[in-house]
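Residue numbers (UniProt numbering): 1 to 379.
Each remark here refers to the structure printed beneath this line.
This is the structure:
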């Protein structure tokens, strides 16, 4: 099978399974991108992803786009069409060719003022594009705020929306976490911006009846000073450490040394730090509006709480600090396989072939009002 992936750059969170897909017998994989690694990621120490046997095409010309997008019988995978120039150009170039098209996208269901205009835009996209697609791979798909609900409401056939995930290359688990004098360390890694709800984490942590617990926040952003002021106001400044940033290579060590990683976002299409923590054996607490909550098995590798609820987050922090007795090395081994590139590649190919074996999708007939209102009672 010939696969052609279209992205804006060589995504670190896609490379492991695309590389593994190229290693499966009989496969040829092309990866077309506008640039290799954006300057933003280079500045944070991210290396060029290992592409293995994948044939990478950086900044392809219009002629190359047309040639690759029209390879007879190929599976064309477009990572986003709205706001992504290269995938959209390739999609349009492929329309009269005998190829099989799939859309891949993160969940776009973000409750709030942005939801209705976003839904209208993506519904318009579905009206134009869905008849040309064999399926949609949705990263962050389940639950009340999941992508399956959002994209089916936009008009994509629910039975052609495939659950998928971001994938990262795992880092070796350090031989032993550094000594922390017996205290519990809770870790956050990410931007200090309102959407991440680090303020909620500080509020919940301030009520955690674990006097020896420490909170470490790795990241920077416009909310840093406000969050530092909040920590002082809550009386926990002496137990909260702000780290402006670490080289990418140091993040895995920080995660392995922590007792839990927390991602309290009010919305995250995915949240690859969840993968990174689990793959070094660290349990995760994340909100139910993070796409990566799909990979949390409550009690086994972490907990999921209701987004925006400090009390629900506090309950999860208590449970992970007191009740989690899992074998960290065993968890790292299990999650490195379960969330790794080879398993994701096999899953991707299985679903692609399954959908190709079915007749083309029919146009959905659900009325707009049902699409807008039906999901409030869904899990």
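C-beta: ideal position from N, C-alpha, C; glycine also.
Note that the structure is a prediction, hence the values are computed from the model and not measured.
Excluding sequence positions up to five away, which residues of its chain have a Cβ less than 7 Å from the Cβ of residue i?
i, result
"residue 319", "303"
"residue 310", "200, 203, 204"
"residue 54", "18, 19, 22, 29, 31"
"residue 343", "337"
"residue 158", "148, 152"
"residue 64", "57"
"residue 247", "45"
"residue 195", "265, 266, 267"
Which whole-angstrom value is the C-beta distance of residue i and residue j, which I expect to be below 8 Å?
i, j, result
"residue 191", "residue 219", "5 Å"
"residue 262", "residue 188", "5 Å"
"residue 381", "residue 68", "Outside the shown range of the chain (1 to 379) lies residue 381, about which nothing can therefore be said."
"residue 274", "residue 317", "Wrong, their Cβ atoms sit about 16 Å apart, outside the cutoff."
"residue 2", "residue 73", "7 Å"
"residue 396", "residue 240", "Outside the displayed span of the chain (1 to 379) sits residue 396, for which this structure offers no information."
"residue 291", "residue 139", "6 Å"
Secondary structure at residue i, three-state DSSP: helix, strand or coil?
i, result
"residue 377", "Low local confidence applies: a pLDDT of 38 at residue 377 is under 50, so the model's placement there is unreliable, with the coordinate-based value given in what follows. DSSP places residue 377 in helix when its eight states are reduced to three."
"residue 175", "Note on residue 175: pLDDT 45, under 50, position unreliable in the model; the coordinate value appears next. Three-state result, residue 175: coil."
"residue 103", "strand"
"residue 295", "helix"
"residue 207", "coil"
"residue 307", "coil"
"residue 191", "coil"
"residue 224", "helix"
"residue 77", "strand"
"residue 16", "helix"
"residue 148", "helix"
"residue 282", "coil"
"residue 135", "strand"
"residue 267", "coil"
"residue 251", "helix"
"residue 276", "helix"
With 16 other CB atoms within 10 Å as the buried threshold, where does residue i fall?
i, result
"residue 299", "exposed"
"residue 294", "buried"
"residue 14", "buried"
"residue 107", "buried"
"residue 166", "buried"
"residue 129", "buried"
"residue 153", "buried"
"residue 223", "buried"
"residue 226", "exposed"
"residue 268", "buried"
"residue 350", "exposed"
"residue 212", "exposed"
"residue 112", "exposed"
Which same chain residues, not among the five before or five after residue i, have their C-beta less than 6 Å away from its C-beta?
i, result
"residue 328", "281"
"residue 38", "9"
"residue 326", "none"
"residue 208", "317"
"residue 175", "Confidence is the limiting factor: at residue 175 the pLDDT is only 45, short of 50, which leaves the residue's position unreliable and the question unanswerable from this model."
"residue 133", "101, 103"
What residues in its chain sit with their C-beta under 8 Å from that of residue i, if we drop five residues either side in the sequence?
i, result
"residue 136", "102, 103, 104, 105, 151, 156, 160, 161, 162"
"residue 359", "none"
What are the start and end residues of each continuous beta strand (DSSP E) run of 3 or more residues lying completely inside the segment 318 to 362, in chain order? none
Of all the alpha helix (DSSP H) runs that stay within the bounds of the segment 27 to 68, which reach a length of 4 or more residues? 39 to 43
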